[in-house]
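Whatever position you read off the sequence shown (first residue = 1), add 2 for our numbering. By construction, the Cβ of each residue, glycine as well, lies at the ideal position given by its N, Cα and C atoms.
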Amino acid sequence: MIIEDRSRSSEGFPANEWEAKNAKKGILRPRFMSAADYVFYLRRHLVAERRKNDPTVGHPGDETLSIGIPRLSFLLRRLEEDIQSSYLSFLEEFISDIHEGISCLLNILRTCQERQKGAGLFTYATCSRAKQNLINRGTIDEFYCLLCLKACSKSPGAVEKISCHKTGLSTIASCITSSHMKSRIVAIELLTIVCRAPEFGNSRVLEAMTTVRILFGESVRFKFLVSVLNSNITSTSGLEIEQRPKKEYLPLDYVFRVWVIRNRLNI
């Protein structure tokens, strides 16, 4: 029998709603690890990853940081499960200013992308077996990290932290060009959620898409996204299009949900 956690806050969504929704599914359960433990292990992975590129990062002895800790993919899978099915207090503790879990996940996501680029993402077929494994691991970790961020986005506080992070939104927007189709979809879903945030949502997502346009050398924003939606492989990419009249302007969040896009986006 699970004892109700009465310390949960109802900010953003009622705690009893959260409990009732998950209790009906039979998945409400105690967490696998505490929020502090997750952040501790994620930060150790971050330092260990950065030391591979720059040995001056961290302190002497940090080269053994990755020894004796769970693999990153396992850690992210467990974290996503705990956010989805544990008490609301776990999520609030994880995203709090004390632990800064959102910032940690966004930094992890960025290192996953750098790992793929460093291994030669666009020459996968000619890579050595070791580099191919590195690319595959980076792709998997990127996907699970996006899932964790999506699970955290149930809290309005988490959405605000994502949008306020220095490189957070541009990092998520870069995942639209990921080689993993599911990562693209989750990235679009995350951008949709941020777009719906009052006051700051649309403008910050547009800034992120402008950054992505510069990074990937696109002539206009959303060029890659629109080309995918207008291509013949749209039905197999998980992005479905619904017919709408021409010259109809669409809300930015509706565009990202990719239920309706036709011809051109004028934003």
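Report yes if the C-beta distance between residue i and residue j is below 7 Å; otherwise report no.
i      : j      : result
Cys147 : Leu78  : yes
Phe92  : Ala153 : no
Cys177 : Leu107 : no
Lys184 : Phe226 : no
Ala160 : Ile97  : yes
Ser157 : Ile195 : no
Ile137 : Gln118 : yes
His101 : Val49  : no
Please classify residue i as buried or exposed, where buried requires at least 16 other C-beta atoms within 10 Å of its C-beta.
i      : result
Ala210 : buried
Cys166 : exposed
Lys163 : buried
Arg206 : buried
Gly170 : buried
Gly219 : exposed
From residue i to residue j, what does the alpha carbon distance come to, in whole angstroms?
i      : j      : result
Thr173 : Ser105 : 12 Å
Arg53  : Leu193 : 31 Å
Thr141 : Glu51  : 15 Å
Glu109 : Met35  : What sits at residue 109 in the sequence shown is Asn, not Glu. Their Cα atoms are separated by approximately 21 Å.
Gly103 : Leu217 : 27 Å
Ser229 : Arg223 : 11 Å
Arg112 : Lys168 : 12 Å
Glu95  : Gly203 : 24 Å
Leu208 : Gln86  : 29 Å
Thr179 : Asp39  : 32 Å
Asp99  : Glu201 : 22 Å
Thr212 : Ser181 : 21 Å
When you compare the CB of residue i with every CB in chain D, is at least one pair closer than 7 Å?
i      : result
Met183 : Although the question refers to chain D, the structure presented lacks it and comprises just one protein chain.
Please list, in chain order, all residues of the same chain as residue i whose beta carbon is under 8 Å from its beta carbon, the five residues on each side excluded.
i      : result
Arg45  : Cys106
Pro72  : Tyr43 and Arg80
Glu82  : Tyr146, Leu149, Cys150 and Ala153
Arg33  : Asp84, Ser88, Tyr89 and Phe92
Asn135 : none
Can you name, in chain order, every residue of its own chain whose Cβ lies under 7 Å from the Cβ of residue i, other than the five neighbours on each side?
i      : result
Leu74  : His47 and Asp143
Val214 : Ser172, Ala175 and Ser176
Here's a check: name, in chain order, each residue in its chain whose Cβ is nearer than 6 Å to the Cβ of residue i, leaving out the five neighbours to either side.
i      : result
Ser221 : none
Arg131 : none
Arg139 : none
Run through the segment 67–117 for me and flag every whole alpha helix (DSSP H) of 4 or more residues, listed as ranges in chain order.
Counting whole runs of 4 or more residues, the segment 67–117 contains the alpha helix (DSSP H) stretches 74–87 and 90–96.
May I have a chain-ordered list of the alpha helix (DSSP H) segments no shorter than 4 residues that lie completely inside the segment 194–230?
Under the rule that a run must span 4 or more residues, the alpha helix (DSSP H) segments found entirely inside the segment 194–230 read 203–217.
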